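Quick note, the sequences are listed as chains A and B, same order. Note that numbering that gives the first Met the number 0 has the first sequence beginning at 0, numbered continuously upward. Note that numbering that gives the first Met the number 0 has the second sequence beginning at 0, numbered continuously upward. We put the beta carbon where it would ideally sit given N, CA and C, even for glycine. None of these values were measured; they are calculated from a predicted model.
There are 2 protein chains.
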Amino acid sequence: MSERVEFPADVVEIARFAKALSHPARVYILKKLSAMNACCYSGDLADELPIGRSTLSQHLKELKYAGLIQGEINPPYIKYCINRENWEKAKKMLEEFLDENQPITSTAHSNNSFLNILKF
Amino acid sequence: MSERVEFPADVVEIARFAKALSHPARVYILKKLSAMNACCYSGDLADELPIGRSTLSQHLKELKYAGLIQGEINPPYIKYCINRENWEKAKKMLEEFLDENQPITSTAHSNNSFLNILKF
DNA sequence: TTTATATTTCGCAAAATTACGAAATGAATT
DNA sequence: AATTCATTTCGTAATTTTGCGAAATATAAA
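What follows is the structure, given as structure tokens:
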């Protein structure tokens with residue numbers, strides 16, 4: 000409750016990407032599309048997921064809005080693929096966030112102090 | 000809507016960790032605690048964040064529930080620190096998820112095919 | 001033109017999240 | 001015993017998320 004009225008921009012963006020990953024359906028979709036570098040149809044996903052088609056459609060819309068996937072219309076199908084550019088950006092931001100720490104083994108403060116030097 | 004009634008366990012867990020990171024206040028807190036490997040008090044955070052103390056307390060509670068931080072009582076203060084073990088786990092799961100893909104440059108399918116071999 | 005198919009949007013309800021101020025807690029100080 | 005202090009919990013309200021089925025859309029096939 001200081002003079003700051005906003006969260007830092009990078010923090011907000013990390014939270015935004017994390018939010019896109021905060022539901023199992025969306026993780027599943029991204030996993031499928033990114034991990035196997037495949038594209039697929041809404042119906043393919045509907046057959047594998049324990050949610051209705053309209054609900055799935057909403058999750059796809061959210062991922063599209065977050066910029067993480069894109070739909071290529073191929074009537075009457077819509078082929079969904081990863082949006083590589085934004086996915087790489089999300090990956091970079093999240094990994095940077097996750098990695099910016101100094102793991103110190105609780106048992107020993109062995110000679111890994113060079114790690115700290117490297118990090119700072 | 001198939002015979003599957005649940006999402007895969009790893010997918011659920013990734014979503015759960017991502018959810019813990021889905022609010023700027025929580026990202027800020029984790030950033031502070033993990034990045035600089037510091038512990039701090041609720042009051043310290045309250046002074047830097049644009050939210051009330053009771054709201055902050057709720058976010059701390061959530062992070063504690065997610066297992067990502069732990070509070071060490073030191074009356075009348077409570078010193079919050081990263082829960083290293085679970086933080087490393089979250090990190091591992093999220094990074095594994097983020098990395099399990101095959102980035103293929105759109106311009107050229109250059110001789111990075113060895114990457115695919117390494118990945119699969 | 002009618003029918004079938006894949007998908008989305010609409011309308012709605014239930015549940016979860018976010019937020020705040022007031023009150024409670026629990027230990028230290030007076 | 002009363003006061004102070006950092007923090008949390010409670011009560012409550014506003015907003016967002018998640019979910020579904022029905023209806024709409026848009027194309028292909030009959």
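Would you verify that the beta carbon of residue i is, or is not, closer than 8 Å to some beta carbon of chain B?
| i | result |
| --- | --- |
| residue 62 of chain A | no |
| residue 22 of chain A | yes |
| residue 17 of chain A | yes |
| residue 99 of chain A | yes |
| residue 59 of chain A | no |
| residue 34 of chain A | yes |
| residue 88 of chain A | no |
| residue 120 of chain A | Only positions 0 to 119 of chain A appear in the structure, and residue 120 of chain A is not among them; the question remains open. |
| residue 27 of chain A | yes |
Only counting the same chain, and skipping five residues up and downstream in sequence, which positions put a Cβ closer than 8 Å to that of residue i?
| i | result |
| --- | --- |
| residue 39 of chain A | 31, 32, 78 and 79 |
| residue 26 of chain B | 20 |
| residue 17 of chain A | 93 |
| residue 0 of chain B | Note that residue 0 of chain B has pLDDT 34, beneath the 50 cutoff, so the model's placement of it is unreliable and no number is given. |
By Cβ distance below 7 Å, which residues in the same chain neighbour residue i in space, the five residues on each side in sequence not counted?
| i | result |
| --- | --- |
| residue 50 of chain A | 24 |
| residue 85 of chain A | 66 and 67 |
| residue 12 of chain A | 92 |
Would you tell me roughly how many angstroms separate the C-alpha atoms of residue i and residue j, rounded to the nearest one?
| i | j | result |
| --- | --- | --- |
| residue 88 of chain A | residue 10 of chain A | 14 Å |
| residue 71 of chain B | residue 46 of chain B | 20 Å |
| residue 120 of chain A | residue 42 of chain A | Residue 120 of chain A is absent from the model: chain A starts at 0 and stops at 119. |
| residue 54 of chain B | residue 75 of chain A | 47 Å |
| residue 48 of chain B | residue 73 of chain A | 47 Å |
| residue 99 of chain A | residue 6 of chain B | 31 Å |
| residue 63 of chain B | residue 58 of chain A | 28 Å |
| residue 81 of chain B | residue 69 of chain B | 6 Å |
| residue 37 of chain A | residue 8 of chain B | 22 Å |
| residue 83 of chain B | residue 34 of chain B | 12 Å |
| residue 95 of chain A | residue 29 of chain A | 20 Å |
Can you find a CB in chain A that lies within less than 8 Å of the CB of residue i?
| i | result |
| --- | --- |
| residue 13 of chain B | yes |
| residue 74 of chain B | no |
| residue 71 of chain B | no |
| residue 78 of chain B | no |
| residue 37 of chain B | no |
| residue 125 of chain B | Only positions 0 to 119 of chain B appear in this structure, which leaves residue 125 of chain B out of reach. |
Tell me the residue span of the alpha helix (DSSP H) that contains residue i.
| i | result |
| --- | --- |
| residue 28 of chain B | 23-29 |
| residue 84 of chain A | 83-98 |
| residue 41 of chain B | 41-47 |
| residue 16 of chain A | 8-19 |
| residue 56 of chain A | 52-64 |
Do residue j and residue i have their beta-carbon atoms positioned less than 8 Å apart in this structure?
| i | j | result |
| --- | --- | --- |
| residue 67 of chain B | residue 97 of chain A | no |
| residue 14 of chain B | residue 56 of chain A | no |
Considering only residues of the same chain and omitting the five flanking positions on each side of residue i, which have a CB-CB separation below 6 Å?
| i | result |
| --- | --- |
| residue 60 of chain A | none |
| residue 52 of chain B | 45 |
Along the chain, where does the beta strand (DSSP E) containing residue i start, and where does it finish?
| i | result |
| --- | --- |
| residue 71 of chain B | 68-73 |
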